[in-house]
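This note's numbering puts the first residue of the sequence shown at 1, with every later residue one more than the last. The beta carbon of each residue, even a glycine, is placed where N, CA and C say it ideally should be. Just so you know, these numbers come straight off a predicted model, no measurement behind them.
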Amino acid sequence: MVEEAAYDAGQIQVLEGLQAIRKRPAMYIGSIDARGLHHLIHEVVDNSIDEAMAGFCKEIQVTLNADGSVTVADDGRGIPVDIHPKYGVPGVELVLSRMHSGGKFERKMYQVSGGLHGVGLSVVNGLSEWLEVRVKRDGQEHRMRFERGQKASDLEVVGRAEGTGTIITFLPDAQVFETIEFDYDTLATRLRELAFLNAGLRIIIVDKVRGRGDVFQYQGGIAEYVKWINRAKNPL
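Put into structure tokens, the structure is as follows:
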């Protein structure tokens, strides 16, 4: 006869921090194959898109680095670096390390948004071997690093900075994903669509692995997108 295991409060597990994301990644990104891998970039880019939709970002650059990592840089306002009044940590640390944190839930900072902001960034952090964020605000450049979702360094000022923006570089975790090789065409297609949907926004993709790149910028928005997808068709 099989002895029944005791089922009491002591058997209930609580996954702290970003452990839940690493335990069940497909719940957050859909899968751990190539599709889920590319979703990581989409989440980071969507946060930059939100800055553009709010009128604060004019350019986004996505770079596939030679070491397999990805850098997403924008010229938005930069994720807040001041101390959160309730949690006592910098805003950027909160957004990257805690689920359901961000500036979009009450529509005070963003009237419209395309990304999850907070949910998305923390998921990317939790599923990366390492992630480094640089924020340019108030004339200073701040830097912070995480490893597999855990803080590896405190937020620090590393120098002066012109302008504002957020730069996130991350290496997907090979312990999580079936593949960590990004497909240029898959990313370029997505970024081109975002450029069409956000008239005037300049989106750059650079592939340092294969030595190629593209710049997407369309003033015509949706109307220009319709013309582009019908470019091979003859009008009646």
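Reduced DSSP secondary structure (H/G/I, E/B, other) of residue i
i: residue 197; result: helix
i: residue 18; result: coil
i: residue 144; result: strand
i: residue 179; result: coil
i: residue 31; result: coil
i: residue 192; result: helix
i: residue 186; result: helix
i: residue 232; result: coil
i: residue 66; result: coil
i: residue 81; result: coil
i: residue 213; result: strand
Local Cβ density within 10 Å of residue i, reported as buried at 16 or more and exposed below that
i: residue 136; result: buried
i: residue 169; result: buried
i: residue 223; result: exposed
i: residue 144; result: buried
i: residue 12; result: With a pLDDT of 46 at residue 12, under the threshold of 50, the modelled position of this residue cannot be trusted, and the question is left open.
i: residue 179; result: exposed
i: residue 219; result: exposed
i: residue 289; result: An answer regarding residue 289 cannot be provided, because it is not within the stretch 1 to 236 covered by the chain.
i: residue 120; result: buried
i: residue 232; result: exposed
i: residue 124; result: buried
i: residue 133; result: buried
i: residue 50; result: buried
i: residue 60; result: buried
i: residue 165; result: buried
i: residue 229; result: exposed
i: residue 72; result: buried
i: residue 75; result: buried
i: residue 97; result: buried
i: residue 52; result: buried
i: residue 66; result: exposed
i: residue 25; result: buried
i: residue 139; result: exposed
N- and C-terminal bounds of the beta strand (DSSP E) containing residue i
i: residue 151; result: 150-160
i: residue 136; result: 128-137
i: residue 229; result: Element bounds for residue 229: not the beta strand (DSSP E) but the alpha helix (DSSP H), 221-229.
i: residue 165; result: 165-172
i: residue 207; result: 202-207
Where the alpha helix (DSSP H) containing residue i begins and where it ends
i: residue 38; result: 34-53
i: residue 92; result: 91-97
Neighbour flag for residue i against chain C, beta carbons, 9 angstroms
i: residue 146; result: The structure shown contains no chain C; it is built from a single protein chain.
Query raised in the report: Given 8 angstroms as the limit, is there contact between the segment 89-100 and the segment 61-81, that is, 3 or more CB pairs closer than that?
Result: yes
Requested in this report: Kindly confirm or deny that the segment 169-177 and the segment 196-212 touch, where touching means at least three C-beta pairs closer than 8 angstroms.
Outcome: no
Query - Cβ contact (3+ pairs, closer than 8 angstroms) linking the segment 123-130 and the segment 153-162 - result: no
Requested in this report: Check whether the segment 33-46 touches the segment 139-155, taking contact to mean three or more Cβ pairs, one atom from each stretch, closer than 8 angstroms.
Outcome: no
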